[in-house]
Amino acid sequence: MGLIERPVSWVALAGFMGTGKSRVGWELSRALALHFVDTDKLITRVVGKSIPEVFEQEGEAYFRACEQEVVRRVSRLDHAVVSLGGGTFIHEENRRTLLERGPVVVLWATPETVYQRTKHSDRPLLATADPLSRIRTLMTEREPSYRQGTIHVHSDGRPSEEIVEEVIERLWDWADVNAAWGEDPAGGDSERAAD
Numbered sequence: 065m066g067l068i069e070r071p072v073s074w075v076a077l078a079g080f081m082g083t084g085k086s087r088v089g090w091e092l093s094r095a096l097a098l099h100f101v102d103t104d105k106l107i108t109r110v111v112g113k114s115i116p117e118v119f120e121q122e123g124e125a126y127f128r129a130c131e132q133e134v135v136r137r138v139s140r141l142d143h144a145v146v147s148l149g150g151g152t153f154i155h156e157e158n159r160r161t162l163l164e165r166g167p168v169v170v171l172w173a174t175p176e177t178v179y180q181r182t183k184h185s186d187r188p189l190l191a192t193a194d195p196l197s198r199i200r201t202l203m204t205e206r207e208p209s210y211r212q213g214t215i216h217v218h219s220d221g222r223p224s225e226e227i228v229e230e231v232i233e234r235l236w237d238w239a240d241v242n243a244a245w246g247e248d249p250a251g252g253d254s255e256r257a258a259d
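In structure tokens form, the structure reads like this:
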């Protein structure tokens, strides 16, 4: 007794802004007894500026370079749930690094849901006259990259606890398939405790 049963010891959450990555990631980390890392918050701590300030003062290219360095670092962590910024997974090098490290769960929501969840935020990519149209365009552009994730879960109109339950169930399925192929899924904590 006392041992934590978990399907993986490392997992990342990707997806468009407003799909619930931070909330679900934090709750998932609690459920799996893992550390929670939010890459956007990590960047703001290291740089000492908010993300809108970084975009405005340093430009998007600088922000993406910071993001790439953070991805390299979080992929070396053990016992972590990592919540990624909305654009992190669309960059090929980040995607490759993350997928080589462990499973990436992509959260999905409709453009309307994303708009409702983000309309009062100061997100630089939505600073436009028609944010809903911008959301639709960006989601369409990013969909092929997001589709490369390991597990896909919809977050529309669902409580976070229900999403977390589904993610854990899907992670167990993923770990079981990897174990069947003789692979060690994300760190070796995937053994179910014997009854």
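In the numbering used here, the protein residues as written are 65 to 259.
Backbone N, C-alpha and C define an ideal beta-carbon position, used for all residues, glycine too.
Decide if residue i is buried, meaning its Cβ has at least 16 other Cβ atoms within 10 Å, or exposed.
i    : result
D240 : exposed
T152 : buried
I261 : Here the chain comprises residues numbered 65 to 259, so residue 261 is not present and cannot be evaluated.
V110 : exposed
P71  : buried
I68  : exposed
W245 : exposed
E91  : buried
S93  : buried
S147 : buried
Is residue i near residue j, with beta carbons less than 8 Å apart?
i    : j    : result
T103 : V134 : yes
I154 : V178 : no
E205 : V217 : no
V145 : L98  : yes
G89  : F100 : yes
R181 : G79  : no
K85  : L171 : yes
A95  : I215 : no
E159 : Q212 : The sequence shown places Arg at residue 159, not Glu. Taking 8 Å as the Cβ cut-off, R159 and Q212 qualify as a contacting pair.
S224 : R87  : yes
Cβ of residue i versus every heavy atom of the ligand COA: is any distance shorter than 7 Å?
i    : result
E226 : No copy of the ligand COA occurs in the structure displayed, which carries no ligand at all.
Discussion item. Across the stretch 66 to 83 and the stretch 156 to 171, are there enough close Cβ pairs to call them in contact, namely three or more that are closer than 8 Å?
Written reply: The stretch 66 to 83 vs the stretch 156 to 171: in contact.
Worksheet item: Per the contact definition of three or more C-beta pairs closer than 8 Å, is the stretch 171 to 190 in contact with the stretch 129 to 147?
Response: No: the two stretches stay apart, fewer than three of their Cβ pairs being nearer than 8 Å.
Item to complete: Tell me the start and end of each unbroken alpha helix (DSSP H) in the stretch 141 to 195 that is at least 4 residues and wholly inside, in chain order.
Response: Fully enclosed alpha helix (DSSP H) runs of 4 or longer: 156 to 165, 175 to 182.
Practice prompt. Quick one: which unbroken alpha helix (DSSP H) runs of 4-plus residues sit fully inside the stretch 97 to 121? Chain order, please.
Written response: For secondary structure counted as the alpha helix (DSSP H) over 4 or more consecutive residues, the stretch 97 to 121 holds these complete runs in sequence order: 103 to 111, 115 to 121.
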